[in-house]
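Chains as they are written, first to last, in our numbering: chain A, 5 to 344; chain B, 5 to 344; chain C, 5 to 344; chain D, 5 to 344. Positions of the beta carbon are idealized from the N, C-alpha and C atoms, including for glycine. A quick note: this is a predicted structure, and the numbers were derived from the prediction, not measured. Notes to accompany the following structure.
There are 4 protein chains.
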Amino acid sequence: MKKLINVAIVGASGYTGLELIKILLQHPHFKITYLATTEGNTTSSKLHPSLFGIFDLPVQKIDFKQIAKSSEIVFLALPHKTAMQTVQELMKFEHLKIIDLSADYRLSLNRYKNSYGEHLDSENLKQAIYGLPELFREKIKNAKLIANPGCYPTASILGVSPFLKFLNENEEIIIDAKSGVSGAGKKCESNTHYVTINENMFAYNPLKHRHEPEIEEKLEIFGNQFHKVHFVPHLVPVTRGMLSSIYIKINNLLTDPLEYLREFYKNEPFIRIRENPPTMKDVAGTNFCDIFARQSGNLLYIETAIDNLMRGASSQAVVNANLISNFDESIAIPKISIVP
Amino acid sequence: MKKLINVAIVGASGYTGLELIKILLQHPHFKITYLATTEGNTTSSKLHPSLFGIFDLPVQKIDFKQIAKSSEIVFLALPHKTAMQTVQELMKFEHLKIIDLSADYRLSLNRYKNSYGEHLDSENLKQAIYGLPELFREKIKNAKLIANPGCYPTASILGVSPFLKFLNENEEIIIDAKSGVSGAGKKCESNTHYVTINENMFAYNPLKHRHEPEIEEKLEIFGNQFHKVHFVPHLVPVTRGMLSSIYIKINNLLTDPLEYLREFYKNEPFIRIRENPPTMKDVAGTNFCDIFARQSGNLLYIETAIDNLMRGASSQAVVNANLISNFDESIAIPKISIVP
Amino acid sequence: MKKLINVAIVGASGYTGLELIKILLQHPHFKITYLATTEGNTTSSKLHPSLFGIFDLPVQKIDFKQIAKSSEIVFLALPHKTAMQTVQELMKFEHLKIIDLSADYRLSLNRYKNSYGEHLDSENLKQAIYGLPELFREKIKNAKLIANPGCYPTASILGVSPFLKFLNENEEIIIDAKSGVSGAGKKCESNTHYVTINENMFAYNPLKHRHEPEIEEKLEIFGNQFHKVHFVPHLVPVTRGMLSSIYIKINNLLTDPLEYLREFYKNEPFIRIRENPPTMKDVAGTNFCDIFARQSGNLLYIETAIDNLMRGASSQAVVNANLISNFDESIAIPKISIVP
Amino acid sequence: MKKLINVAIVGASGYTGLELIKILLQHPHFKITYLATTEGNTTSSKLHPSLFGIFDLPVQKIDFKQIAKSSEIVFLALPHKTAMQTVQELMKFEHLKIIDLSADYRLSLNRYKNSYGEHLDSENLKQAIYGLPELFREKIKNAKLIANPGCYPTASILGVSPFLKFLNENEEIIIDAKSGVSGAGKKCESNTHYVTINENMFAYNPLKHRHEPEIEEKLEIFGNQFHKVHFVPHLVPVTRGMLSSIYIKINNLLTDPLEYLREFYKNEPFIRIRENPPTMKDVAGTNFCDIFARQSGNLLYIETAIDNLMRGASSQAVVNANLISNFDESIAIPKISIVP
């Protein structure tokens, strides 16, 4: 029988924190022993009334020693900048493994500076592993610090990477992405006000979004070749869900892009190749990335769908936790969507 | 170790059929061995693309002998009238236990005739047990045929029944209910067209809905006293969810209606008494019925929330299956909501 | 030819401020000459990007003298408390007529104190006229200060008042109301966050909402008899719209409640008696109040629908402006809904 | 004083039929004298309950002679194929001008055959004018038969056409479009069921949609050069609205694409150049096409927003009716959006 591993969630008040709790509660080998937020002094069911009667752990003010004492794996669901301050401290405890859901350890130093400003923990940055299992599974298994990927990069990279080898040197990648509102976080702002986004849709930060360099960097590492990415995200009136519509020019005429994808991803438990363009809802609540592709002349169109809070954050984080614990990566990872 | 019980789902194409599949796939002691629809000749993942890669059983045209051969428990998710024709045949097989999600066995013969017309199986109707565990748990355990309650009656009865003893003889019960669109079924009709119900809300069949007599009859059985129920349902632009706002006049001044409810339901695993009016979403995807009550003068206001497809149909059906199998009724029954 | 009347909108940044602008822009006899907010220093199209290219007036910081100089009618769309401070000053200018959309002048002094706290302008409170044309049309015509009704009271009073004469002395009135999210205002708060209210619905402040005494008081004035009102509002995932479901006990058996309503409201341009329960959307964008009623035994059920921002605020305010200007009250008042 | 022109709407039961009615009711020089549907025998307010009390004209079964007798301009809002049978007959009446909202007269004969099959009225097809005022205004003024553009082509062509001259000969155009559900029509089908599309989004007919050749053909006519268009439409959970995200490669570095657009469209009353990506809602209920553009390297990204039922159908049709009547094209054309 497998041992029970104690885990902590730091940043338990947000949407990804709640999703982590929900998944981990169903996990046979992980036990949540510590919850913290910046303010502490509450309980899990006060933060998240849907947990009332199910899970009612005290929520502490962040305390590094307490974290180290109570857990072996730490999930960090904190804003960037705040995250790196915490990681820096936690990395000092040898027995801890850290899965950071923020942007702080996803980029190389220079790209981070360009997109987010100064980095305060460049030492640990060097050893952080980008937690996208399909691309970096073996490295993840031995990591001490995992940078859990952003939602847009996850949806985009999983769609583009199989086709990288067909791209000419100078070809650029166009990504028209669509995200549900939960991706913008729990904080109330003009764009997350119901009246703003209901019956509405719009692009934001087109060609200037911070996830653009994250996609470029990871594709370059995977494919050994830089390609410029043009990234236009849209906000959509759904709570959870993400589509990534990818347009690339290739010279080859693929006999059947779907068959090619099936072969490419044949051993992957969380990739599904679909006969029709994937829908947001078919993957909602799961760790699946559903993929479709079609070619017309030189244009290859790829569409991927993920749940931004799950595959784009929390369930992917637990897959990573499974991997660093030498568990089967599928253990307790949701596969059944919330349809209808 | 418990034996594995084979179960069939007849009427697998609708929303409640899908919810049954999703719950039963997670059940350690039930195994889905047979799926059928009126037309057959398909598979579970063609009917429900979200199941692609997860569950891909053939779906048959309904065949009584095959059902009997392949299963011990049958879930029927068929339209009323069609249901009773099937039940009548299946009841002939001694080893079968039947959980019917239609309206056909919920009412006494006379009430059925008034609301739905002729009944073709009055014999079996007599022995059907109304599958609301909080009221009829012991009878359910020994039933061969269970009439799974309607969603509106479930939400309403669980709110009213604790307070029945405070009602004067002639008092009437007012119920203003609100239902998500999935309650209207998968068939496309004017009222389920996105453009009709999005950004909209309206009452339908006020004071004339078929669930009115179902509520009246079950409350009378439970409380040994008839009370007229005035029932006004509303259609709400959400996919799943149901609120039942109940208004009754009582003479007693309750010290604390919430405390009273906590005591009344103290041993119930699927009732939560809330400090604030319950929300649809906190119970979405679960079998919970959340309840709130407040008194002002002689008026007692009670608000309940359920997921119309789960507690109002499929998860309650699996609870009933657990009970007739002498399992713990909570096994595999979802408690974690889909919030956010 | 009618003269052109200059009007000011003070509090132009919110939803009701925008609705006022949109209606007044179409009005042949009113001309918006002054816009103000607490902070000023902007323009109408910066506050409301949908007005870009259509209406681009500077928006001032509130200045009483400027208001008085530039206009004859002032619409106030300010929060309560702030409103009364402004009204008090504006009332000193003899030529000004004021239509206040806040709660500050809707209640008698005592009721105001109980619900909102101290009142700073009890002098002007005495002469304020409640701006519900169907009940107080003649008084409105001669008013200097109009207290524009709340959305819930408008929807409720128009449904109950025709039937007041059938109520026994001690009968109480039950109102189960449903409001779109815009009623909660433009300020971002937990309840107006998209993720909170999307796919959700819940009651708030049940039996304790501030509009309860407003309904009670106006019904008492109209019917010369006090009746306790039990009021339970619900928040619904639509941007605009309101239903008021009213339950009262009457002794009379009405031959046909709809025919009775048609007669009662026969000369009213903004009341429609419907053959079926009214829908939120059929009145969205208009000043209509649609009404349905049905009796079952002694219970009379009435359902009304209004647009909370229009009949519940801005279009009713412009009707009142028409009345105090001796114009036909229907001039420029929207009657065509935004369906689909 | 201008004369009053009698107009007929044939196909009055759908969403575009209703929008036509709503606009024409506000028009000072057009008078609706005839309404028809395939089945007839009803009234406008029975078809569209929101019109109750406002507009209650009888609705006839289609009768060519009656149409000719009662009107000078005919709006046809019929399905394709049905439309051409009607147009063919109506064209025989010399005094009639026809505005056809179907696809039947939008394409050259060959393209029509490829996309829709046989054409039964190739004679009249030759003289039909494509009713996009910004491109073909002068021809529209003298037309007898106007082919009102599709919603996707309108949104796409208005975004691309200003930049055509910067495209190299072989450059292809990528369009990622998003449409509200009303674009799919009033007929209830699986994709328009509330439960299917609520909380969901997906591409459909990618690279194979019938509007692709319509866009290609009109751009070729306007720019004297064929460019392949790759068109991927998505269905979005809003009732009305459309975004068209356009990606093209150009060699020139534009100093300021927005300034260029402002100059290009400087005399256009229904084009707005926005500083930020346009939102669906800012144009909802209006005839505006809002446009934004940004360049990054050689990639030019253009985003346009229209209301699919208005600029994409009915309000554009009335603009065309204004033009063929020698009226100011802006008369009675909605400019004020339904925000909030």
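Here SER249 (chain A) is buried. Its C-beta has 16 or more other C-beta atoms within 10 Å.
Here GLN229 (chain B) is exposed. Its C-beta has fewer than 16 other C-beta atoms within 10 Å. Around the beta carbon of ASP60 (chain A), fewer than 16 other beta carbons sit within 10 angstroms, so the residue counts as exposed. Put simply, the CB of LYS7 (chain C) is far from chain D, with every gap to its CB atoms at 8 Å or more.
In the displayed model, GLU307 (chain A) falls within a strand according to three-state DSSP. Excluding its 5 nearest sequence neighbours in each direction, LEU124 (chain D) has C-beta neighbours in its own chain below 6 Å: MET88, listed in chain order.
Proximity of chain A to ARG276 (chain B) at the Cβ level (cut-off 8 Å) is accounted for by PHE56 and GLY57, in chain order. In this structure the stretch 49 to 66 of chain D touches the stretch 12 to 30 of chain D; the number of beta carbon pairs closer than 8 Å is three or more. DSSP lists A:LYS35 as the beta-bridge partner residues of ASN10 (chain A). For the stretch 280 to 309 of chain A, the residues whose beta carbon sits under 9 Å from a beta carbon of chain D are, in order, ASN280, PRO281, PRO282, THR283, MET284, LYS285, ASP286, ALA288, PHE296, ARG298, GLN299, SER300, GLY301, ASN302, LEU303, TYR305, GLU307 and ALA309.
Leaving aside the five residues that flank LEU139 (chain A) on each side, the residues in its chain whose CB is nearer than 6 Å to its CB run, in chain order, PHE226. Interface residue (Cβ-Cβ distance to chain C less than 8 Å): ALA159 (chain B) is not classified as such. Judged by their CB atoms, PRO344 (chain A) and LEU22 (chain B) are nearer to each other than the 8 Å cut-off.
In the three-state reduction of the DSSP assignment, LYS253 (chain A) falls in the strand class. Taking a Cβ-Cβ cut-off of 8 Å, LEU80 (chain D) has no neighbours in chain A, whose nearest Cβ is about 29 Å from it. With fewer than 16 neighbouring CB atoms inside 10 Å of its own CB, THR259 (chain D) falls in the exposed class. Under the 8 Å criterion on CB atoms, GLU173 (chain D) is classed as non-interfacial with respect to chain A. When secondary structure is reduced to three states using DSSP, SER248 (chain A) falls in the strand class. For the stretch 64 to 125 of chain A, the continuous beta strand (DSSP E) assignments of 3+ residues that do not extend past its boundaries occur at 77 to 80 and 101 to 104, in sequence order.
Its chain contains PHE170 as the residues whose beta carbon lies nearer than 7 Å to that of ASN256 (chain D), once the 5 sequence neighbours on both sides are disregarded; these appear in chain order. Sorting B:ALA151, B:ASN174, B:TYR120 and B:MET95 by C-alpha distance to the C-alpha of VAL322 (chain B) places B:ALA151 at the top. Residue pairing by DSSP places TYR134 (chain D) opposite D:ALA151 in a beta bridge.
Within the same chain, Cβ atoms closer than 6 Å to the Cβ of ILE335 (chain C) are found at ASN326, the five residues on either side in sequence being excluded. None of the residues of the stretch 24 to 56 of chain B has a beta carbon lying less than 9 Å from any beta carbon of chain C.
Within the same chain, SER119 come within 6 Å of ARG214 (chain B) by CB-CB distance, once the 5 residues on both sides are set aside. According to the DSSP secondary-structure assignment, ARG298 (chain B) is paired through a beta bridge with B:TYR305. Between ASN204 (chain A) and GLU193 (chain B), the alpha-carbon positions lie close to 25 Å from each other.
The CB of ILE337 (chain A) never comes closer than 8 Å to any CB in chain B; the least such distance is about 12 Å.
Pairing ALA288 (chain C) with GLY245 (chain C) gives a Cβ-Cβ distance under 8 Å. When DSSP assignments are scanned along the stretch 210 to 280 of chain A, the uninterrupted stretches of beta strand (DSSP E) that are 3 or more residues long and fall wholly within it turn out to be 233 to 239, 246 to 253 and 275 to 277. In the displayed model, PHE206 (chain D) falls within a strand according to three-state DSSP. Taking each of B:ILE310, B:ILE328 and B:ILE342 in turn and checking the Cα distance to LEU162 (chain B), the smallest one comes out for B:ILE310. Residues VAL236 and SER249 of the same chain have their beta carbon placed closer than 7 Å to that of ASP180 (chain B), with the five preceding and five following residues left out of the count. Under the criterion of beta carbons closer than 8 Å, MET314 (chain D) and THR290 (chain D) qualify as touching, at roughly 6 Å. Among the CB atoms of chain A, none fall inside 8 Å of the CB of THR20 (chain D).
Between the alpha carbons of LEU113 (chain B) and GLU263 (chain C) lies a gap of roughly 37 Å.
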